[in-house]
Each structure stands twice: as structure tokens, then as C-alpha cells.
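**Q** Residues 1 to 187 in full-length UniProt numbering are what the sequence shown lists, from first letter to last.
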Amino acid sequence: MKHVKKVSRRTRVMAGGAVAVAIAAGGFGAYSAGASTDSAPAAAVAADAADGNLAQTNHLTIEAAAKAADAALDEAKKQNQRVTVAVVDRNGNTILTVRGDGAGPQSYEAAEKKAFTAVSWNAPTSELVKRLESAPTLKDIPGTLFLGGGAPVAAKGGPIAGIGVAGAPSGDIDEKIAQAGVAALAG
1 MKHVKKVSRR TRVMAGGAVA VAIAAGGFGA YSAGASTDSA PAAAVAADAA DGNLAQTNHL
61 TIEAAAKAAD AALDEAKKQN QRVTVAVVDR NGNTILTVRG DGAGPQSYEA AEKKAFTAVS
121 WNAPTSELVK RLESAPTLKD IPGTLFLGGG APVAAKGGPI AGIGVAGAPS GDIDEKIAQA
181 GVAALAG
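#1: For V87, name the three-state secondary structure that DSSP assigns.
#2: According to the Cβ coordinates, are A166 and A76 closer than 8 Å?
#3: Are L54 and D89 touching if we call contact CB-CB under 8 Å?
#4: Under three-state DSSP, which class holds T117?
#5: Within 10 angstroms of the Cβ of Q56, are there 16 or more other Cβ atoms? Answer buried if so, exposed if not.
#6: To the nearest angstrom, how far is the alpha carbon of P142 from that of K113?
#7: So, for Y108: in the same chain, excluding its five sequence neighbours on each side, which residues have a beta-carbon less than 7 Å away from its beta-carbon?
#8: Between which two residues does the beta strand (DSSP E) holding T137 run?
#9: Taking its Cβ as the centre, do 16 or more other Cβ atoms sit within 10 Å of Q81, making it buried, or is it exposed?
Written out as C-alpha cells, the structure reads:
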């Protein structure tokens, strides 16, 4: 067994302070290195864009995601369903998830996975369930859920988001509620 020398509290505080200063100085250097006053970096970005090295994509705003979720929850209320609604961006990252009053605890994760699945294939999850017959290993892809209730949101021919709903007694009802969220963004 190794003997550890006791260090006074003052020494520990001084050493910790020195480490904190070193980390802060390093962070400051990193921040200041990224901030340039000349126009060369802007010119380099313009050249990259001109060369086709950058792509621009469309993403839903948080306001649009909230509008879609509210419309879906309103539809759920009309149908007397207790559901969770999730909206994910083009990359499958969750923008927001809202668990409606009385929705079951399992519905939170299921809604997010349905939204992720819908945007990943740019198709309603009810359609994707049919693809499992010819490609059963699709269901093994992490983060996906092949049950009705997910709907893609598209703009300019490409997927920009997914809306997932879970908690109703059937995927068909979940998907009808998700489609109400999609419709709210179209109008």
C-alpha cells in the first residue's frame, strides 16, 4: 500500500485556484483565437460556399414545433385521447416533447422514437411498419419505433422534422393526431 502525504487545506485551495486560472486562461485563448478582426476568415467561408463545400438546410423553429404540438394536443383532446407529442428536427434531435394530461409514462419515449423514425425515412410510421415484412431487421436500428403514430414534416421536397404521438389505444389514432400537427404547419 502506498503512503499518501497529507496536504494542508491552504495548499489544496491554492493549487485548485491555480488550476482554475489555467483553465480560464486556456478558455480565453480558445475564444480569442476564434475571434478575428481581419476579413480573411469571412473570405475563406465565402470561397468554401462558392466551391459547394457547404450545404444549407431548413429547420423548424421552436415556435413552429410548439404550434404543431399544440395542434396535435388539441386533436387528441377532441378525440378524448391522453397522449404525448414529440417534435424532432431533421437530424432526429428532440426540439420538444409535451406529455399531455393523463398520458402514460411509456408514451414519452415512444413519441420521441416515432418522430425520429418518421423523419429518418421521410414517411409515416404506419407505412414503415409494412416495410418490416420485407426487411425485418429495420426494427433493430437504435432509436426507432415501427408503430403507427409518427409523421414526417417536409419542405421543398425534403424532410425537416418529425412529429410523434403515443398513448392512444392504436397507432392509427396516434398517427391521425400527429397529422393534425403537420397540417397546422401547412396552414
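The beta-carbon is built from N, C-alpha and C at its ideal position, and this holds for glycine as well. Values in this document were obtained by computation on a predicted structure and should not be read as measured data.
**A** A quick look at the data gives this:
#1: Three-state result, V87: strand.
#2: Their beta carbons are not under 8 Å apart, which means A166 does not touch A76 by this criterion.
#3: No. Outside cutoff.
#4: Three-state result, T117: helix.
#5: Here Q56 is exposed, its C-beta having fewer than 16 other C-beta atoms within 10 Å.
#6: Those two C-alpha atoms are separated by around 9 Å.
#7: Residues T84, T97 and R99 of the same chain have their beta carbon placed closer than 7 Å to that of Y108, with the five preceding and five following residues left out of the count.
#8: It is not in any beta strand (DSSP E) - T137 carries neither H nor E in the DSSP assignment.
#9: Classification for Q81: buried.
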